[in-house]
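Numbering (the UniProt record's numbering), first residue to last: 1 to 194.
Structure (structure tokens):
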């Protein structure tokens, strides 16, 4: 009987240790690797979106972190290893599920980008087309867009779903002039059509 009881306790202990090994006392420790949290945003009452920088590889990413037992945190997936390529205005990464779509964007250091916008109200614009759009146009159609001001070269969006529109990204300068975009299916590019 003692051997059976010992066996049950050993199995329960291994299960508990395995479960707790994924749990951490703070949000940033739940993200794998040596990372620094840049920004976070609540997703419901038990989940956070976390924009982070990898301190070793000098890259960035986004993660979904779940709160467990009221005070512990568990990594629930992410996308990482991104950096802004030379000559590009920004780099985006995202992760999503049936409930949320998280988008993290880092702008180039000297890009003059002040605002990042996700969304689209203009139908039929292909990645090779020239078009006109200002931040005022976006504000007139706010039900179609998510708008964030860039802080220290980063923005973090939490949207309801992944779609062509939530993966259409535009960048504006301080005067609301479109200076870069990444249309769905295209690459990030600076815009200079004058």
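Every residue gets a Cβ at the ideal spot worked out from N, C-alpha and C, and that includes glycine. Bear in mind that the values here come from a model prediction, so they are computed numbers and not experimental data.
Check                                                                                                                                            : Outcome
Rounded to the nearest angstrom, what separates residue 180 and residue 116 at their Cα positions?                                               : 9 Å
Regarding residue 181 and the ligand GTP, is the C-beta to nearest heavy atom distance less than 7 Å?                                            : In the structure shown, the ligand GTP is absent, as is every other ligand, since no ligand is present at all.
Can you tell me whether residue 135 is helix, strand or coil according to DSSP?                                                                  : helix
Would you mind reading off the limits of the beta strand (DSSP E) that contains residue 158?                                                     : 154-159
Let me confirm a value: residue 54 is counted as buried when at least 16 other C-beta atoms fall within 10 Å, else exposed. Which label applies? : buried
Here's the rule: buried if 16 or more other CB atoms are within 10 angstroms of the residue's CB, otherwise exposed. What is residue 182?        : buried
Smallest Cα separation from residue 87: which of 178, 110, 170?                                                                                  : 110
Over the uninterrupted beta strand (DSSP E) stretch that includes residue 180, give me the two end residues.                                     : 178-182
Buried or exposed: where does residue 185 fall if 16 or more other Cβ atoms within 10 Å of its Cβ makes it buried?                               : exposed
Determine the extent of the alpha helix (DSSP H) in which residue 117 is found, giving its start and end residues.                               : First-last for residue 117: 115-119, but that is the beta strand (DSSP E), not the alpha helix (DSSP H).
For residue 138 versus residue 147, is the C-beta spacing smaller than 8 Å?                                                                      : yes
State the Cα-Cα distance for the pair residue 26 and residue 66, rounded to the nearest angstrom.                                                : 11 Å
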